[in-house]
Structure formats: C-alpha cells, structure tokens
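Trainee: Chains as they are written, first to last, in the numbering used here: chain A, 671 to 823; chain B, 671 to 823. My structure is below; once you've seen it, I'll send some questions.
There are 2 protein chains.
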Amino acid sequence: MLKLTKKADYGLMALKYLAEHPETPALSAKDVADAYGIPAQLLAKILQRLTKTGLLRSHAGMNGGYALARDARQISAYEVILAIDGPFFITSCTRGAKSCELTPSCTIKEPLARVNDTIAGVLKSISIHDLADREHGDAAAARDRQGLVTLTV
Amino acid sequence: MLKLTKKADYGLMALKYLAEHPETPALSAKDVADAYGIPAQLLAKILQRLTKTGLLRSHAGMNGGYALARDARQISAYEVILAIDGPFFITSCTRGAKSCELTPSCTIKEPLARVNDTIAGVLKSISIHDLADREHGDAAAARDRQGLVTLTV
DNA sequence: CTATATAGGACCGTTCAAGTCGTATATTTG
DNA sequence: CAAATATACGACTTGAACGGTCCTATATAG
Ligand code: SF4
Ligand code: SF4
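The structure is reproduced here in structure tokens:
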C-alpha cells in the first residue's frame, strides 16, 4: 500500500545517474543497469517509456543510449512516476473506468482527493537535480516548495 | 503504485462514520458495512484490527459493536493506515527484512526516505475529525499543518 | 437458551508487480 | 557489406499481495 513501484524507483535512479554524467553524450541502458545492479532488460523498457513521454532522448546503434531531454532541474519526480506507472491516484475510485463500486455512497473520497493532490504536489516539487545533488538543503528551494505542499484537507 | 489499500479506505470510512454518531454507545460492523455497502465480514476484520491497536473499543453480544477509543481529533489517518496495512514505507528497501537487493548501491533511498516522512507527515496531520467535519477549511488548522508538511528533499 | 456480535483462522480467485525472452530495427565501425 | 551494439516492443511467466468469503469459537443481552 502506498508503495512506490520498483520500476519508478529504477527510473528515478537512472535519471539521476544521467544527470550526474552530463559530459557523456549518451549512456546505454546496460551502462546504467550495471552501475546499480538493475536488471538490464527491465531498465531498458523503463527508459524506452521515459523516452516516449519525452523525458529522455534516445539514440540507437553503437555508442548510442539515452540522455536527458531537459535540464535535470526541469524534470520532476512526479513526471517520472507518471510516465512509468501511469496516472497517479492514491484511491481506487479515481482509477478511470474500473472504479470502486461504492463511489456514490463514499464520503471520504473528496478529502482523500485533496490528500492525493498534496502528495502529488510534494512529488512535483522534487526535481531530478534535487536527487542528484547531495548538497541541496537549499533554504530557498525548501521555501518555494512549501507553498505547493500546503494542505487544507 | 502509491495506492491506498481498500481496507485502509474502509477503515477510514468506518471511523468517520463512528465519529459522526457519537450519541450511540456502539455500532456493529454490520451497521457500518450496510451504511456504505462494504462487505460486512471484511469490515469486521478491519475493525477488529483497529480494536487490537487501540483505536477502537469493542463490545461483544447483542447491541454490541465498536466505538472510538479516543476523540476523533486525536486519531490520525496515519494511525489508521498503520494499524490496517502495517508499517508505512513508499520504498521497498525499508521493508524490514525483505528489502531490495540493491540497497547498498542505491543512491536515492535517503531522499526518498525524506519524501516518505513528508507523506507520513501529511497523513499524521489529518484526523478522523477532519474527515468527518464537512465544514473544516479551518485556517488555523491548515496553518498548524503546514509546519509538519515542509519538505527539504 | 437464543439471537446477536466480536474474534480469528483458513482459504480462494484476481490482479499486478517484477522480470524474462524473443524478435525487429537502427547505427556505428571495420 | 557485415558484424557488433543498442534501442523498440510485444508476449509471456512467476510470485506476492489484495479483496473477499467461509467457518468456528466465544461473549453477552434479553
Ligand atoms: S469511492 Fe471511497 S471507498 Fe471507493 S476507492 Fe474512492 S475513496 Fe475508496
Ligand atoms: S534501495 Fe533504492 S532501489 Fe531499492 S527499494 Fe530502496 S530506494 Fe528503491
């Protein structure tokens, strides 16, 4: 419950790794997979997905691989999770068609939707750069974030 | 991914329902289940769990049922989720023994742990009373919450 | 004693995450 | 061109977790 998918997890790691190696024009899925011990084939598909959603740019063939499509500061954890795991909902009801049967009678879905938005806001406020940069703690960034993260239930 | 368990969902609904009926000494699992269309047996076990963790008090026999063990304001959504679904972790690594194989090489677990704490903070800041009271929007409560919810990555 | 209720274990079907395999295609290099 | 490397993508398998049911034991009010 409320657990991040390993795929999303791997995706974040990979993007972080790419962000940390801006000098290299492209890193292959295998490179990244080996660096962390992630199953190569699995990571490949994750990166393909991130490519399709425009977060990465790919290049096939020898010395090919992936590179960030944007600055690491402009890619949020939310986007990554969204790209890999699909729409982000903490409840089952908002799950499009296959929703919860008792959506009409349910009285907590609106408050939970706000919680959902709050958590999404938290994830949106975190960039790949934030993950990559060990020395962050940046007070200004923290202050910026705070606005997004306010919750009113 | 990052989806709330229906059991936790049901638990929150039930507690909210109990909070809305403070006059009655106890409501049976069936009462609550019927009110929302939740499978009665399932809800029963959820309530039993909440009782074991001390959030509810139960009374067997006729006219028995469950009642909040504390004031609705003193019960957080976090406690409910914790009681029903067990320890709250968004990553697989912190999952006690059965952790992720690549915990040592992973470089994003610390930042994700902070995200975890932030989300936990959000859930801790929400009480059953907040869910039950339609007219909340209470500016003071929102301000109180804001402190808990600050994120520094 | 009987109806109602909690308490709790065993069980089952479905879903979904995680990972593998196989194949097609693009690109660089010799 | 041919071989090596790498992306692209779909099919498939496995295992665990979730959601739910059933069955039995126990407590208690009337
Ligand atoms: S409708 Fe209510 S019970 Fe059903 S998934 Fe949404 S919040 Fe949970
Ligand atoms: S160690 Fe890293 S990859 Fe493994 S679960 Fe924790 S955060 Fe995810």
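Beta carbons: idealized from backbone N, C-alpha and C, even for Gly.
By DSSP's criteria, R727/A is part of a beta bridge. Which residues make up the other side?
Mentor: Paired residues: A737/A.
Trainee: Compile a chain-ordered list of the residues in the stretch 672-701 of chain A whose CB is closer than 7 angstroms to at least one CB of chain B.
Mentor: Those residues of the stretch 672-701 of chain A that come within reach of chain B (Cβ to Cβ, closer than 7 angstroms) are L672, K673, L674, T675, K676, A678, D679, L682, M683 and K686.
Trainee: If the cut-off is 7 angstroms on Cβ atoms, which residues from the stretch 785-798 of chain A count as contacting chain B, listed in chain order?
Mentor: So the close ones are V785, T788, I789, V792, S795 and I796.
Trainee: On the DSSP bridge list, what partners appear for L697/A?
Mentor: According to DSSP, which records beta bridges pairwise, L697/A is partnered with Y736/A.
Trainee: Can you tell me whether D814/B is helix, strand or coil according to DSSP?
Mentor: Reliability fails at D814/B, whose pLDDT of 48 lies under 50, so the model's placement of it is uncertain and the value that follows must be treated cautiously. Residue state, collapsed to three classes: helix.
Trainee: Compare the C-beta of E771/B with all C-beta atoms of chain A and state if any pair is closer than 9 angstroms.
Mentor: Judged by the 9 angstroms Cβ criterion, E771/B is in contact with chain A.
Trainee: Report the rounded CA-to-CA distance for E690/A versus D803/A, giving the unit in angstroms.
Mentor: Answer to the nearest angstrom: the Cα atoms are 8 angstroms apart.
Trainee: With a threshold of 8 angstroms (Cβ to nearest heavy atom), would C770/B be considered close to ligand 2?
Mentor: It does: the Cβ of C770/B is within 8 angstroms (strictly closer) of some heavy atom of ligand 2.
Trainee: Just mark T694/A as buried or exposed, buried being the case when its beta carbon has 16 or more other beta carbons within 10 Å.
Mentor: Burial call: exposed.
Trainee: Under 9 angstroms between the Cβ atoms of L720/B and A753/B?
Mentor: Yes.
Trainee: Would you mind stating whether L717/A and S728/A have Cβ atoms separated by less than 9 angstroms?
Mentor: For L717/A and S728/A, yes; Cβs fall inside 9 angstroms.
Trainee: Closer than 9 angstroms, CB to CB, is I716/A near chain B or not?
Mentor: Taking Cβ atoms only, chain B never reaches closer than 9 angstroms to I716/A, which makes this a no.
Trainee: Under 6 angstroms Cβ to Cβ from L738/B, same chain only, skipping five residues before and after it: list those, please.
Mentor: L688.
Trainee: Given a cut-off of 9 angstroms, decide if L672/A and I760/A are closer than it, judged by their beta-carbon atoms.
Mentor: Yes, Cβ-Cβ distance for I760/A and L672/A is below 9 angstroms.
Trainee: Quick one: Cα of A705/B to Cα of P692/A, how far?
Mentor: Roughly 58 angstroms separates the two Cα atoms.
Trainee: Does T761/A come within less than 9 angstroms of chain B when only Cβ atoms are used?
Mentor: So, interface residue.
Trainee: Excluding the 5 residues preceding and the 5 following G681/A in the sequence, name in chain order all residues of the same chain whose CB lies nearer than 7 angstroms to its CB.
Mentor: I716, L720, V750 and I754.
Trainee: Can you list, in chain order, the residues of its chain whose CB lies under 8 angstroms from that of G734/A, leaving out five sequence neighbours each side?
Mentor: Hits under 8 angstroms: A696, S698 and S728.
Trainee: If you count every other CB in all the chains shown that lies within 10 Å of the CB of D741/B, and 16 or more means buried, which is it?
Mentor: Looking at its Cβ environment, which holds fewer than 16 other Cβ atoms inside 10 Å, D741/B is exposed.
Trainee: Measuring from the CB of M683/B, is there a heavy atom of ligand 1 at a distance below 8 angstroms?
Mentor: The answer is yes for M683/B.
Trainee: Expressed to the nearest angstrom, what Euclidean distance is found between the alpha-carbon atoms of L782/A and D679/B?
Mentor: So the alpha carbons of these two residues sit roughly 9 angstroms apart.
Trainee: Between the C-alpha atoms of L725/A and L685/A, what's the straight-line distance to the nearest angstrom?
Mentor: Rounded to whole angstroms, L725/A to L685/A spans 9 angstroms at the Cα level.
Trainee: Applying the 10 Å Cβ sphere with the 16-neighbour rule, what's the burial state of K722/B?
Mentor: It is exposed - the Cβ of K722/B has fewer than 16 other Cβ atoms within 10 Å.
Trainee: Using the C-alpha atoms, what's the distance from K779/B back to G707/A?
Mentor: Distance between the alpha carbons of G707/A and K779/B: 15 angstroms.
Trainee: Do M732/A and T777/B count as a contact pair if the criterion is CB distance below 9 angstroms?
Mentor: In this structure, M732/A does not lie closer than 9 angstroms to T777/B by Cβ.
Trainee: Using a threshold of 8 angstroms, is the CB atom of D787/A nearer than that to any non-hydrogen atom of ligand 1?
Mentor: Result no, Cβ not under 8 angstroms from ligand 1.
Trainee: Just grab the DSSP bridge partners of S746/B for me.
Mentor: Per DSSP, S797/B.
Trainee: Nearest CA to the CA of Q744/A: which residue from P774/A, C770/A and L801/A?
Mentor: Considering only alpha carbons, the answer is L801/A.
Trainee: Quick one: give me the first and last residue of the alpha helix (DSSP H) that M683/B is part of.
Mentor: Looking at the DSSP string, the run of the alpha helix (DSSP H) that includes M683/B is K676 to E690.
Trainee: Is K676/B close to ligand 1? I mean its beta-carbon at under 8 angstroms from any heavy atom of the ligand.
Mentor: Checking every heavy atom of ligand 1 against the Cβ of K676/B, one is found closer than 8 angstroms.
Trainee: Using a Cβ cut-off of 7 angstroms, pull out every chain B residue sitting near S775/A, in sequence order please.
Mentor: Within chain B, the residues near S775/A are Y706 and G707.
Trainee: Does the beta carbon of L712/B sit closer than 9 angstroms to a beta carbon anywhere in chain A?
Mentor: So no, L712/B is outside the interface.
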